[in-house]
Structures are given as structure tokens and as C-alpha cells.
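Here is the structure we will look at.
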């Protein structure tokens, strides 16, 4: 049983705090850029290794890069996109390929 004095209680109900509307995070496209030196097979390997593409899909994206100058590997929140860009560039450099990978806001 409560021992509070009822005269000290207010009649004003406590209003709940307004919740901030949390939107979806911005998404970023991860792109591979064409160059004249990176072997096509290496690009397919990168797409399979870092983006989980099957061989057929990886080949299709590689041909898009080859014929149109760039191709979309995937769309991710900023942190994941940035990590994938860094992984691809580091892997390409460690294999002595100039493959470029970038990201742009969708």
C-alpha cells in the first residue's frame, strides 16, 4: 500500500517523450571501374570472393564493367560499402592489379 500523500500528486499526466523518427540509412552503390590491365578472370574472382556472386552473375557484371566502363557490385549501407571498397582495392594491389573500386550514394 502506498504511503504517498495524495495531495502531493499532480493531476497532469506525464506526457511520453516524442520519439525521434529514425530513417533508413543511406545506401551506396559499390562500383568496379574498367582498366586495360586487370584480367577479366581476376574481376570475376573479386566479385565472387567479396560480393558473394555466383560465377554467371560475376561474369555478367565483369562484362558490364568491360563494355561500359563500370558495373555495380552491390548496394550497401555506408560502412559496409566502404569496407568492401577497401577490401577490393587492397586485394587487387596485393595481386599487383590496378583494379579500381569506388562507391557512390544511391
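In the numbering used here, the protein residues as written are 1 to 106. C-beta: ideal position from N, C-alpha, C; glycine also. All values reported here derive from a predicted model rather than from experimental measurement.
Close Cβ partners of residue i (< 6 Å) along its chain, the five nearest in sequence each way excluded
i          : result
residue 48 : 58
residue 71 : 32, 61, 64, 65
residue 46 : 88
C-beta atoms of residue i and residue j nearer than 7 Å
i          : j          : result
residue 29 : residue 75 : yes
residue 98 : residue 54 : no
residue 26 : residue 84 : no
residue 42 : residue 73 : no
For residue j and residue i, the rounded distance between their alpha carbons
i           : j          : result
residue 101 : residue 21 : 33 Å
residue 96  : residue 40 : 14 Å
residue 68  : residue 37 : 16 Å
residue 103 : residue 90 : 15 Å
residue 24  : residue 82 : 17 Å
residue 92  : residue 77 : 23 Å
residue 94  : residue 56 : 25 Å
Sequence-distant residues of the same chain with beta carbon closer than 7 Å to residue i, five excluded per side
i          : result
residue 80 : none
- Message: Report the start-end ranges of each beta strand (DSSP E) in the region 23-66 that is 3 residues or longer and not cut off at the edges.
- Response: Those beta strand (DSSP E) runs which fall completely within the region 23-66 and span 3+ residues are 27-33.
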